[in-house]
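S.K.:
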Amino acid sequence: MLEILGAVGGLIILLLAGDALVRGAVNLSLRLGIPALIVSLTVVAFGTSAPELLIAIQAVIDDVPGLALGNVVGSNTANVLLVLGIPALFSGLPTSESKTQKSYLQMIAATLLFIAVSFFGPITWVHALVLLAGMALILTDQFRDALNGRAAIAEEEPEGADPTMPSWKIGAYLIAGLVGLPLGASLLVENASAIATRMGVSETVIGLTLVAVGTSLPELATTVVAAMRKHADVALGNVIGSNLFNLLVIIGIAGLVGPIPVPEAFLRFDLWVMLASSLILIPIVFWQKDLGKRWGIALCTLYVIYIVIVLSTEV
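Letter 228 of the sequence shown, counting from 1, is numbered 815 in the working numbering, and no numbers are missing.
(1) Please check the pair Ala783 and Ser789, which I expect to be a contact at CB under 8 Å, by giving their CB distance rounded to whole angstroms.
(2) Ordered along the chain, which non-local residues of its own chain (more than five positions away) have a Cβ less than 6 Å from that of Met694?
(3) Tell me where the alpha helix (DSSP H) around Met861 begins and ends.
(4) Assuming Gly593 and Gly794 make a contact with CB atoms under 8 Å, what is their CB distance in whole Å?
(5) When you compare each of Gly634, Pro848 and Ile702 to Val860 by their alpha carbons, which one comes out closest?
(6) Rounded to whole angstroms, what's the CA-CA distance from Val798 to Glu806? Just pull it up for me.
(7) May I have the straight-line CA-CA distance separating Ile869 from Pro681, to the nearest angstrom?
(8) Would Asp857 be called buried (16 or more neighbouring beta carbons within 10 Å of its own) or exposed?
(9) Does the distance from the C-beta atom of Ala643 to that of Ala841 stay below 9 Å?
(10) Between Ile670 and the rest of its own chain, which residues show a CB-CB distance below 7 Å, the 5 nearest in sequence each way excluded?
(11) Roughly how many whole angstroms lie between the Cα atoms of Gln688 and Ile867?
(12) Where do the N-terminal and C-terminal ends of the alpha helix (DSSP H) with Gly842 fall, by residue?
(13) Taking only the alpha-carbon atoms, compute the straight-line gap between Ile673 and Ser754 and give it to the nearest angstrom.
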């Protein structure tokens, strides 16, 4: 019971700290004059991916690297099927006007690069540098887009931004996020690993399910608010940017901390589910389709099927 409470406490701290970090980072970026889509692809995405980063590093240090890999792959699948599916199910997302084609192609390229690296596993510092180099190229391109689109900030503010927020409050949000995230990550990893051991379930499966969903909750909260206010660019940008950070930065940094073995099951199933879930978005991104309730039902149903398959492999 103490381990369950510890895991739940870790998730709560992660959510509160992640929200604080996002609020601080978004308002800081507003002061710099960066458009909403670029903010969502970079600052918001990195803020909501911070729990995955800290969990991955902690998992490698604690010698449970399967939790790190499972968390990232599971989070990316959850980001598309669950984080986009739930808001679409309840309110729909007007994505037909979104201009995310280039960033989406970058996400697909990053997914293919990650799969290729996984087949050369275990993921070592060499592979990690390749992933981080890929992210550096993407960030350079997005920084160029930010410079070219600074005028767009006058037309659209990032969701949750407050132009009147004082500097001390922005700083307080950032500090609360940076302090709370490591604490929450440590609690969650330690207790999730203990629960996995007691139940006879591998840390990889725990990473793919409990931890993946838990660390995707900041993305879900951001996307739900964006859907309610009809800011589809913020919703899609958050998911695409988060997936990019998960694959290239999180595993890249974790791979520098220590080697990450790639289980055979990942090569046969989970990596391809992650890729397939990303490809599902092609009609949304390129064919200017709205994410309506039917899409929401389909995405959520696919995620439930995926979780059932993952859990059934352990029985």
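C-beta atoms are modelled at their ideal positions from N, C-alpha and C, and glycine is treated no differently. Being a predicted model, the structure only gives us computed values, none of them experimental.
M.R.: Quick answer:
(1) Counting from 1 along the sequence shown, the entry for residue 783 is found at position 196. Counting from 1 along the sequence shown, the entry for residue 789 is found at position 202. Indeed, because the Cβ distance is near 6 Å, the residues count as touching under 8 Å.
(2) Numbered from its first residue, the sequence shown carries residue 694 at position 107. Only Ile827, Asn830 and Leu831 meet the Cβ criterion.
(3) If you number the sequence shown from 1, residue 861 lands on position 274. Its alpha helix (DSSP H) spans residues Leu858 to Leu866.
(4) Numbered from 1 along the sequence shown, position 6 holds the residue referred to as residue 593. Numbered from 1 along the sequence shown, position 207 holds the residue referred to as residue 794. Not quite, the Cβ-Cβ distance comes to about 17 Å (not below 8 Å), so this is no contact.
(5) On the sequence shown, position 273 is the one that residue 860 refers to. Checking every option, the nearest Cα to that of Val860 belongs to Ile702.
(6) Your numbering for residue 798 matches position 211 in the sequence shown. Your numbering for residue 806 matches position 219 in the sequence shown. One C-alpha to the other measures close to 14 Å.
(7) Locating residue 869 in the sequence shown gives position 282, counting from the first residue. Locating residue 681 in the sequence shown gives position 94, counting from the first residue. Cα-Cα distance, rounded: 15 Å.
(8) Your numbering for residue 857 matches position 270 in the sequence shown. The residue is buried, with at least 16 neighbouring Cβ atoms inside 10 Å.
(9) Taking the first residue of the sequence shown as position 1, residue 643 is located at position 56. Taking the first residue of the sequence shown as position 1, residue 841 is located at position 254. The answer is yes: Cβ separation under 9 Å.
(10) Position 83 of the sequence shown holds residue 670. In the sequence under discussion, the amino acid at residue 670 is Val, which differs from the Ile named in the question. The residues are Ser803, Glu806, Leu807, Thr810 and Val826.
(11) The sequence position of residue 688 within the sequence shown is 101, counting from 1. The sequence position of residue 867 within the sequence shown is 280, counting from 1. About 14 Å.
(12) Locating residue 842 in the sequence shown gives position 255, counting from the first residue. That run of the alpha helix (DSSP H) goes Ile838 to Val844.
(13) Position 86 of the sequence shown, counted from the first residue, corresponds to residue 673. Position 167 of the sequence shown, counted from the first residue, corresponds to residue 754. So the alpha carbons of these two residues sit roughly 34 Å apart.
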